[in-house]
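One point on numbering: in the UniProt record's numbering, the residue at position 27 of the sequence shown is 27, and numbering is uninterrupted.
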Amino acid sequence: MTERLIPYQPLDLAEPAELVAAIRKRRGGQFINLDRMLLHSTPIAEGWNHFIGEIRNNLSLDPKLRELAMCGVAVLNGAEYEFFHHAPPFIKAGGSEAQVEALRLIGQTDFPKALFSALENDAVELTFQMTRNIQVDGALMKRLQLALGNTDAVELVTVIAAYNMVSRFLIALDVNPEEHPPA
Numbered sequence: 001m002t003e004r005l006i007p008y009q010p011l012d013l014a015e016p017a018e019l020v021a022a023i024r025k026r027r028g029g030q031f032i033n034l035d036r037m038l039l040h041s042t043p044i045a046e047g048w049n050h051f052i053g054e055i056r057n058n059l060s061l062d063p064k065l066r067e068l069a070m071c072g073v074a075v076l077n078g079a080e081y082e083f084f085h086h087a088p089p090f091i092k093a094g095g096s097e098a099q100v101e102a103l104r105l106i107g108q109t110d111f112p113k114a115l116f117s118a119l120e121n122d123a124v125e126l127t128f129q130m131t132r133n134i135q136v137d138g139a140l141m142k143r144l145q146l147a148l149g150n151t152d153a154v155e156l157v158t159v160i161a162a163y164n165m166v167s168r169f170l171i172a173l174d175v176n177p178e179e180h181p182p183a
């Protein structure tokens, strides 16, 4: 095994105490490898914990659409760590194993659209366009705005933008999945 360029912070890290406690609370008591890398910078770890915590826990957006977008970003960016952590919540939110496997084909001509609703296919297309093209087709945004309303459309765009940030952080710092996904 090769040595990491930037090592993970230890699992038993205790300082800064308030931040460590907040992250452990959000994670159900344990750090994941992402946290252990973020904790090299207190300001970044604090901001990340708050921002991503809000995205994960306090949006009005349907959790299935949220996790679908997160998984789609993960696949498009090659961030297996992200997929590893978001496929289980996607299933918990109503997704199927077949849909999880299908999500690995986002951006390919053989993507099985029939496994997803029209709204889910639009969310997949938005994820693709934002991640790969940056520019988004106006007709697609109009369909999403009509289907979701202003708040949920903004939240979906924000989820995709935020998880593009997450995947880039994970890949640049070679953050790898834990042996067992958190509960």
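Heads up, the beta-carbon is just placed ideally off N, CA and C, and yes, glycines get one too.
{"Asked": "N- and C-terminal bounds of the alpha helix (DSSP H) containing K142", "Found": "138 to 172"}
{"Asked": "Boundaries of the alpha helix (DSSP H) in which E15 is found, first to last residue", "Found": "It is not in any alpha helix (DSSP H) - E15 carries neither H nor E in the DSSP assignment."}
{"Asked": "For A114, three-class secondary structure by DSSP", "Found": "helix"}
{"Asked": "Within 8 Å, strictly: CB atoms of A69 and I160", "Found": "yes"}
{"Asked": "Boundaries (first-last residue) of the alpha helix (DSSP H) holding Q30", "Found": "Unbroken run through Q30: none, as it is neither H nor E."}
{"Asked": "Three-pair Cβ contact test at 8 Å for the stretch 125 to 132 versus the stretch 70 to 84", "Found": "yes"}
{"Asked": "Sub-8 Å separation of Q99 and L119 beta-carbons", "Found": "no"}
{"Asked": "Whole-angstrom distance between A153 and Q145, CA atom to CA atom", "Found": "5 Å"}
{"Asked": "Separation of D174 from E67, as counted between CA atoms", "Found": "22 Å"}
{"Asked": "Rounded separation between L126 and L105 - CA only", "Found": "15 Å"}
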